[in-house]
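In order, the protein sequence lines correspond to chains A and B.
All the letters of the first sequence, read from the start, carry residue numbers 39 to 363 under this note's numbering.
All the letters of the second sequence, read from the start, carry residue numbers 121 to 383 under this note's numbering.
Since the structure comes first, as structure tokens, the remarks are kept for the end.
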Amino acid sequence: MGGILVYVLHYEGALNKNSLGAVSEGAKLAGELGVDCDAVVVGGGDLTNELLGTLGSYGAKKVYRAEGAEGLAQPVIDVIDKVIADNGHNYVIFGGGLLGFEIGAGLAARRNAGVTMEVTNVVVEGGKLIAERPILGDSQISRSHYKGDLGIIIGRINAFEVKETGGGAAEVVDVQVDYSPWSNQATMVQRGEQRGADVNIEDADVLVAGGRGLGKAEGFQLCEDLAGVLGGAVAATRAVVDAGWYPYAAQIGQTGKSVAPKLYLAAGISGAIQHKVGMQASEHIVAINKDANAPIFEFSDLGIVGDLNKILPKLTEAVKAKKGG
Amino acid sequence: MKICVLVKEVPDAAVEKRIDPSTGRMDRSGEKNLNPYDTHAIEAAMQLKEGGALQVDEIVAVTMGPESAVRALHKAVSLGADRSIHLTDAALAGSDVAATGYALAKALEKEQPDVVLLGQQSDDGECYTIGAVVAEHLKAPSLTQVIKLDVVDGGLRCERQAEYGYDTVQVSLPAVISVGDAINEPRYPSLKAIMGAKKKPLETASAADAGIDASLVGGDGSRVQCGEFKAPPAKAAGTIIEDEDTDATVEQIVAWLDERKLI
Ligand SMILES: Cc1cc2nc3c(=O)[nH]c(=O)nc-3n(C[C@H](O)[C@H](O)[C@H](O)COP(=O)(O)OP(=O)(O)OC[C@H]3O[C@@H](n4cnc5c(N)ncnc54)[C@H](O)[C@@H]3O)c2cc1C
Ligand SMILES: Nc1ncnc2c1ncn2[C@@H]1O[C@H](COP(=O)(O)O)[C@@H](O)[C@H]1O
């Protein structure tokens, strides 16, 4: 029986944390199924034997390495397609992230396989993997059974814990791939550009986060003021970062940072899943939103239904007074 | 050149979405609307056409769905599409994301578009990935979550946020691009456009018309079988304050924070 293959993303010589989580998860499941867990990487010269060997300590047996373009999905589909054709893996796992979604879905099309995204849990039943995915704003969990001989599992970000199992160095196997013409039709012009100031939000005990409800870039002053008196930093959603209201370095969520401060106060944030995954580990979550049905109220400890323009200035004054007195 | 835009009819955001326990599928009764993310895809198509850097002769809206889905097409046409295609067949019901993407790709194959645009996610399915599936079947390059689209060297220069910051990628045509909601501010349809929408050509295609292999679609053709829905572990409900008197509200917040030693 074929094994489990895990895609490992990397950037500038470092392996992605969510990919390492996926390898750990894949190795655990492979153990239960009695098969091997292997990894696959695509890139350039920074993918050294030494770096890839370290995947063994998370449970990978072999690492398939192909030389190819980085940061694009379709070359990776070509590589994984070849690895599976040659080695007969029955499952492919991704740790989440944008590329994982694109590669996983494209691979499903290429190999007529089943695919499930946003998976938060995988279980073994009757010698097969079942993927569990929260749906409808996390109000239900759907269980995916795979038909056919390939199942693709795309994890939700931070769903799979990174675990070192103390295994020896993984064996690195080079793979030669003829890339599809359409894989060569996309080229990376610039990757990983950091837009805006370099702010530090990861070390803060208190984060005041602002979203589109702030109305305009200047609205962030309300968050800055409150963060100032609380001794914290200011964070943001992707919506406002993409709009250019606040720097990318302050973004929380799937394509931003994951944080777990003592207090996370969200103002004008709807609480989309992709935001939630980056902050749900916070100890205390407070949300201010004028829409009583905003999803963020479903996972906040204290929710205030109201206009942030009225509440934030007064809250800042009240905290200042409290601290002064 | 031709742009095809994929659009979908979804339950209105104000309606609570739920699973129908008898079928195990999404309950699609009730108010429906054009998926809001798809309005950004139509707007992106309009801006490519009006921008003039590409000679766009035609924008075609394409949907797969039950009879009621024609309303999403009317809306798409009122927003600027020139005509539309409705792929509809009982055999397609219950298709998963891979099967849906395959079926849409077959419908698109006939049109031979130079650019396929779609929304970053459907409000109900939330798979984020139809574009990647469609592209693979069409053997075209593809990007999702694009928030800036420019015509450069006869191809598309795309920007988006990926795992490590902003990426800029150049793709040559034909290409499949899913756009994020930060890409543009969709225009409102004019009254005239709304009135005229029903008069624009609308082609209805069955699975056979599109050349779809019936064994690859529908509930049976799908490679994933979803079901056994269960509730997630319950989380203790938080305290909710309705702000009526802001001074009192703020006092309550400060007391709450103080109790937990957060001030
Ligand atoms: C692949 C992918 C990756 C993503 N990555 C991320 C990510 O890393 N981080 C992230 O944050 N998002 C991410 N997103 C986007 C995410 O899905 C949401 O679109 C985004 O989080 C919404 O931001 P928001 O809450 O600021 O805006 P909105 O969803 O527009 O919410 C604004 C809220 O403000 C409220 N409001 C308006 N005015 C007021 C007022 N005066 N007072 C009080 N409340 C008010 C509204 O009721 C609303 O709930 C990603 C999406 C995808 C598909
Ligand atoms: N049945 C459908 N017909 C046409 N387009 C669709 C359909 N389902 C999804 N799409 C398109 O694919 C995008 C992403 O959907 P999803 O992958 O379900 O999140 C949507 O914004 C639509 O543009």
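Note that beta-carbon positions come from the ideal geometry of N, C-alpha and C, so glycine has one too.
Every value quoted in this text rests on a predicted model; they were computed, and no experiment measured them.
- Pair within 9 Å by beta-carbon distance, B:K122 and B:I179: To locate residue 122 of chain B, count along the second sequence from 1; it is residue 2. To locate residue 179 of chain B, count along the second sequence from 1; it is residue 59. Their beta carbons are under 9 Å apart, which means B:K122 touches B:I179 by this criterion.
- Message: Residues in the same chain with beta-carbon distance under 7 Å from A:I195, minus the five sequence neighbours each way, listed in chain order, please.
- Response: One-based indexing of the first sequence puts residue 195 of chain A at position 157. Same-chain partners within the cutoff: N56, G134, G135, Q292 and V315.
- Are B:H160 and B:D301 close, meaning C-beta to C-beta below 9 Å? Numbered from 1 along the second sequence, position 40 holds the residue referred to as residue 160 of chain B. Numbered from 1 along the second sequence, position 181 holds the residue referred to as residue 301 of chain B. Closer than 9 Å, so yes.
- Query: Do A:G309 and A:I326 have their C-beta atoms closer together than 9 Å?
  - Reply: Numbered from 1 along the first sequence, position 271 holds the residue referred to as residue 309 of chain A. Numbered from 1 along the first sequence, position 288 holds the residue referred to as residue 326 of chain A. Contact flag unset, no.
- A:Q223 vs B:P261 beta-carbon contact at 9 Å: Taking the first residue of the first sequence as 1, we reach residue 223 of chain A at position 185. Taking the first residue of the second sequence as 1, we reach residue 261 of chain B at position 141. Against a cut-off of 9 Å, the Cβ pair of B:P261 and A:Q223 comes out as a contact.
- Given a cut-off of 9 Å, decide if B:L199 and B:P309 are closer than it, judged by their beta-carbon atoms. Residue mapping note: residue 309 of chain B aligns to position 189 of the second sequence, counting from 1. Residue mapping note: residue 199 of chain B aligns to position 79 of the second sequence, counting from 1. Yes. Within cutoff.
- So, using beta-carbon positions, are A:P299 and A:V244 closer together than 9 Å? Along the first sequence, read from residue 1 onward, the residue named residue 299 of chain A stands at position 261. Along the first sequence, read from residue 1 onward, the residue named residue 244 of chain A stands at position 206. Contact: yes.
- Message: Looking at ligand 2, does it come within less than 8 Å of A:N87, judged from the CB to the closest heavy atom?
- Response: Here residue 87 of chain A is taken as the residue at index 49 of the first sequence, counted from 1. No, Cβ of A:N87 sits at least 8 Å from all heavy atoms of ligand 2.
- Item | DSSP beta-bridge partners of B:S204 | As a working mapping, residue 204 of chain B is identified with position 84 in the second sequence. DSSP lists B:A181 and B:L322 as partners of B:S204.
- Message: Can you list, in chain order, the residues of its chain with a C-beta nearer than 8 Å to that of A:V161? Leave out the 5 residues immediately preceding and following it.
- Response: Within the first sequence, residue 161 of chain A is the residue found at index 123, counting from 1. L167, I168 and E170, listed in sequence order.
- Message: On the DSSP bridge list, what partners appear for A:H48?
- Response: Counting from one through the first sequence, the residue named residue 48 of chain A turns up at place 10. A:L53.
- Message: If contacts are defined as beta-carbon pairs under 8 Å, then A:D84 and A:G51 qualify, I think. What distance do you get, rounded to the angstrom?
- Response: Looking up residue 84 of chain A in the first sequence gives position 46. Looking up residue 51 of chain A in the first sequence gives position 13. Yes, A:D84 and A:G51 are in contact; Cβ-Cβ is about 4 Å, under 8 Å.
- Item | Pick from A:V78, A:G109 and A:E240 that is closest to A:K99, judged by C-alpha positions | Counting from 1 along the first sequence, the entry for residue 99 of chain A is found at position 61. Comparing Cα-Cα distances from A:K99 to each of A:V78, A:G109 and A:E240, the minimum goes to A:V78.
- Query: For a contact meaning CB atoms closer than 8 Å, what does A:F139 contact in chain B?
  - Reply: Numbered from 1 along the first sequence, position 101 holds the residue referred to as residue 139 of chain A. Within chain B, the residues near A:F139 are Y248, T249, A252 and T264.
- Contact list for B:K350 against chain A, beta-carbon separation under 8 Å: Within the second sequence, residue 350 of chain B is the residue found at index 230, counting from 1. The contacting residues are Q178, I179 and R181.
- Message: Checking the sheet assignment: what are the DSSP bridge partners for B:G239?
- Response: Locating residue 239 of chain B in the second sequence gives position 119, counting from the first residue. The partner list for B:G239 (beta bridge, DSSP) reads B:V299.
- State the Cα-Cα distance for the pair A:K185 and B:V344, rounded to the nearest angstrom. The residue you call residue 185 of chain A lines up with position 147 of the first sequence. The residue you call residue 344 of chain B lines up with position 224 of the second sequence. For A:K185 and B:V344, the distance between alpha carbons rounds to 6 Å.
- Would you mind sorting B:Q265 into buried or exposed? The rule is 16 or more other CB atoms within 10 Å of its CB. Position 145 of the second sequence holds residue 265 of chain B. Label assigned to B:Q265: buried.
- Every unbroken alpha helix (DSSP H) within the region 210-270 of chain A, with a cutoff of 4 residues, ordered by chain: 258-268
- Item | A:E105 versus A:Q214, A:K120 and A:T92, residue with shortest Cα-Cα distance | Locating residue 105 of chain A in the first sequence gives position 67, where the first residue counts as 1. The shortest Cα separation from A:E105 among A:Q214, A:K120 and A:T92 belongs to A:Q214.
- Message: Run the Cβ filter for me: residues under 7 Å from any heavy atom of ligand 2, listed in the order they occur in the chain.
- Response: B:L126, B:V127, B:K128, B:N155, B:Y157, B:D158, B:A161, B:V182, B:T183, B:M184, B:G185, B:V217, B:T220, B:L224, B:L238, B:G239, B:Q240, B:Q241, B:S242, B:G245, B:E246, B:C247, B:Y248, B:T249, B:I250, B:G251 and B:S298
- Item | Check: A:I168 C-beta below 8 Å from any heavy atom of ligand 1 | Position 130 of the first sequence, counted from the first residue, corresponds to residue 168 of chain A. Every heavy atom of ligand 1 is 8 Å or more from the Cβ of A:I168, so no.
- Write down every uninterrupted run of the alpha helix (DSSP H) in the region 271-296 of chain A whose length is 4 residues or greater and which is fully enclosed by it, in chain order. 276-280
- Minimum C-alpha distance to A:E262 - residue among A:A281, A:V237, A:D280 and A:A277: Taking the first sequence and counting its residues from 1, one reaches residue 262 of chain A at position 224. The shortest Cα separation from A:E262 among A:A281, A:V237, A:D280 and A:A277 belongs to A:V237.
- Taking Cβ positions, are A:L58 and A:Y96 nearer each other than 9 Å? Here residue 58 of chain A refers to the residue found at position 20 of the first sequence. Here residue 96 of chain A refers to the residue found at position 58 of the first sequence. Yes. Within cutoff.
- Message: If you reduce the DSSP assignment to three classes, tell me which class A:S95 lands in.
- Response: Start at 1 with the first residue of the first sequence, and residue 95 of chain A comes out as number 57. Helix.
- Proximity test, A:F139 beta-carbon vs ligand 1 heavy atom, cut-off 8 Å: Taking the first sequence and counting its residues from 1, the one referred to as residue 139 of chain A is at position 101. Yes, ligand 1 has a heavy atom inside 8 Å of this Cβ.
- A:R250 Cβ short of 8 Å to ligand 1 heavy atom set: Reading the first sequence from its first residue, position 212 is the one you call residue 250 of chain A. Yes, the beta carbon of A:R250 sits closer than 8 Å to at least one heavy atom of ligand 1.
- Task: Using a Cβ-Cβ cut-off of 9 Å, state whether A:K120 counts as contacting chain B.
- Result: In the first sequence, residue 120 of chain A corresponds to position 82, counting from 1. So, not an interface residue.
- Enumerate, from N- to C-terminal direction, the unbroken beta strand (DSSP E) stretches of 3 or more residues contained entirely within the region 243-293 of chain B. 262-272, 275-282 and 285-291
- Message: Taking 8 Å as the cut-off, is the C-beta of A:Q289 nearer than that to any heavy atom in ligand 1?
- Response: Your numbering for residue 289 of chain A matches position 251 in the first sequence. Flag set: Cβ of A:Q289 near ligand 1.
- Message: Is A:S308 near ligand 1 - that is, is its Cβ less than 8 Å away from at least one heavy atom of it?
- Response: Position 270 of the first sequence, counted from the start, is the residue given in the question as residue 308 of chain A. The answer is yes for A:S308.
- Message: Closer than 8 Å is the cut-off here; do at least three beta carbon pairs connect the region 326-338 of chain B with the region 231-247 of chain B?
- Response: no
- Task: Anything in chain B within Cβ reach of A:M155, meaning under 9 Å, just list it in chain order.
- Result: Translated into positions along the first sequence, residue 155 of chain A becomes position 117. Ordered by position in chain B, the residues that pass the 9 Å Cβ test against A:M155 are V217, E246, C247, Y248 and T249.
- Item | Contact list for A:L353 against chain B, beta-carbon separation under 7 Å | For the purposes of this step, residue 353 of chain A is taken as the residue at position 315 of the first sequence. Here the neighbours are V370 and I373.
- Spell out whether any CB of chain B is found under 9 Å from the CB atom of A:S338. Locating residue 338 of chain A in the first sequence gives position 300, counting from the first residue. It does: the Cβ of A:S338 has a partner Cβ on chain B nearer than 9 Å.
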